[in-house]
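Have a look at the structure below, then the notes.
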Amino acid sequence: MARPPRPLPAPAPSRADFGKPLQGWRLRLYTIIFEAETRAGRAFDIALIVAILASVAVVIADSVAPLHARHGALFGVLEWGFTLVFTLEYLARLACVRHPLRYATSFYGVIDLLAVLPTYLAFFVPELHALIDVRLLRLLRVFRIFKLGAYVEEYGALGRALLASRRKIAVFLSFVLMVVTVMGTLMYVVEGPEHGFTSIPTAIYWAITTMTTVGFGDITPKTDLGRLIASVMMLLGWGTLAVPTGIVTAEFTAQRLVREPTTRSCHECLSEGHLPSARFCRDCGAQLPVFQRDA
């Protein structure tokens with residue numbers, strides 16, 4: 001009599017199985033907090049925008065002495081209310097992502113943490129209270145709610161253009177550095193300490209402010225030759241400023257994308273902008289959950 005076949009051993013759990021599941025309340029919460037194609041996601045982002053702007057407005061108003069003297073207690077209550085709201089939101093983000101530590105150490109994760117830390121740290125160092133304005137950086141994430149997904153994608157394209165242009169920009173900056181060093185040294189020789197050019201570094205500072213067309217006016221040439229050199233520096237500054245603009249614009253145009261921008265994000269690496277028809281993350285290869293969007 002033949003023995004029945006032995007059951008095959010269960011497959012070993014993969015690394016992805018140890019993360020949060022891509023279903024249930026965590027998936028619904030993730031879709032609301034991290035994406036904006038659903039009504040709930042758009043409503044969440046709008047509420048977050050209002051809370052961020054209101055909290056920053058409270059901090060700014062509290063820095064005005066007459067308003068602080070009159071409404072200081074109210075500002076304190078409002079600030080603690082906003083801090084509690086942002087703390088709960090931060091904890092909700094950690095609860096729904098598959099890898100909380102990876103999110104906490106990401107750019108936006110650090111910004112979210114910095115949005116609540118200053119209020120708590122102000123107990124020990126009151127001067128840190130002004131750092132609450134860092135919450136404005138969080139608006140970079142929620143711009144997408146106003147159908148500015150294309151602009152969010154353009155931010156990424158701009159970053160890629162800058163990265164692709166880094167060698168050309170480095171050559172350009174080295175040229176500018178040589179010019180301001182030579183012209184600053186020349187002005188130090190022509191004008192001298194009696195006209196404010198007390199050292200070569202000070203003269204280089206003057207050359208930089210002149211070439212960038214800033215011209216603070218704290219140091220100005222007094223001799224005719226010095227004014228001639230300053231005029232050349234000003235005209236040279238106009239032409240010089242156009243160079244990096246042209247370099248980045250060319251790269252920006254070359255890398256223009258035609259895909260439909262979305263806020264669909266990967267639960268593994270948290271990268272955004274996946275196509276609605278995508279099944280796997282373009283960056284890490286992880287499987288994406290079903291795309292959810294309101295009609």
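At the far end of the sequence shown sits residue 295, using the UniProt record's numbering, and the numbering has no gaps.
Built from N, CA and C at the ideal position, the CB exists for glycine as well.
For residue i versus residue j, is the C-beta distance shorter than 8 Å?
i, j, result
"residue 265", "residue 271", "yes"
"residue 203", "residue 187", "yes"
"residue 190", "residue 223", "yes"
"residue 92", "residue 29", "yes"
"residue 168", "residue 219", "no"
"residue 37", "residue 292", "yes"
"residue 249", "residue 211", "no"
"residue 267", "residue 289", "yes"
"residue 200", "residue 184", "yes"
"residue 86", "residue 116", "yes"
"residue 232", "residue 208", "no"
"residue 172", "residue 243", "yes"
Starting from residue i, trace the alpha helix (DSSP H) both ways and give me its first and last residue.
i, result
"residue 100", "100–104"
"residue 220", "Counting along the chain, residue 220 falls outside any alpha helix (DSSP H), and DSSP gives it neither H nor E."
"residue 283", "From DSSP, residue 283 is part of no alpha helix (DSSP H); its letter is neither H nor E."
"residue 110", "107–114"
"residue 119", "117–121"
Taking only three categories from DSSP, how would you classify residue i?
i, result
"residue 35", "coil"
"residue 64", "coil"
"residue 272", "strand"
"residue 231", "helix"
"residue 277", "coil"
"residue 290", "coil"
"residue 258", "With a pLDDT of 45 at residue 258, under the threshold of 50, the modelled position of this residue cannot be trusted; read the value that follows with caution. Residue state, collapsed to three classes: coil."
"residue 77", "helix"
"residue 15", "Low local confidence applies: a pLDDT of 48 at residue 15 is under 50, so the model's placement there is unreliable, with the coordinate-based value given in what follows. Residue state, collapsed to three classes: helix."
"residue 1", "Only weak support exists for where residue 1 lies, its pLDDT of 49 falling under 50; the value from the coordinates is given anyway. Note: residue 1 maps to coil in three-state DSSP."
Under 8 Å, Cβ to Cβ, is there at least one residue of chain D near residue i?
i, result
"residue 119", "Absent here is chain D; the protein component of the structure consists of one chain."
Worksheet item: Does the region 92–112 come within contact of the region 27–38, defined as at least 3 CB pairs closer than 8 Å?
Response: Yes, they touch.
Item to complete: Kindly confirm or deny that the region 278–285 and the region 194–205 touch, where touching means at least three C-beta pairs closer than 8 Å.
Response: No, the region 278–285 is not in contact with the region 194–205.
Discussion item. Does the structure place the region 157–169 close enough to the region 227–242 that three or more beta carbon pairs sit under 8 Å?
Written reply: No, the region 227–242 does not touch the region 157–169.
Item to complete: Output the residue ranges of the alpha helix (DSSP H) runs that lie fully inside the region 160–208 and measure 4 residues or longer, sorted by chain position.
Response: Considered as a whole, the region 160–208 harbours 166–191 as its complete alpha helix (DSSP H) runs of no fewer than 4 residues, in chain order.
Fill in: Inter-stretch contact at 8 Å, needing at least 3 Cβ pairs: the region 101–111 / the region 57–73
Touching, no, given that fewer than three Cβ pairs across the two stretches are closer than 8 Å.
Worksheet item: Per the contact definition of three or more C-beta pairs closer than 8 Å, is the region 230–246 in contact with the region 59–70?
Response: The region 59–70, when compared against the region 230–246, does not touch it at the 8 Å Cβ threshold.
Worksheet item: Does the region 77–94 come close enough to the region 57–66 to have 3 or more Cβ pairs within less than 8 Å?
Response: The region 77–94, when compared against the region 57–66, does touch it at the 8 Å Cβ threshold.
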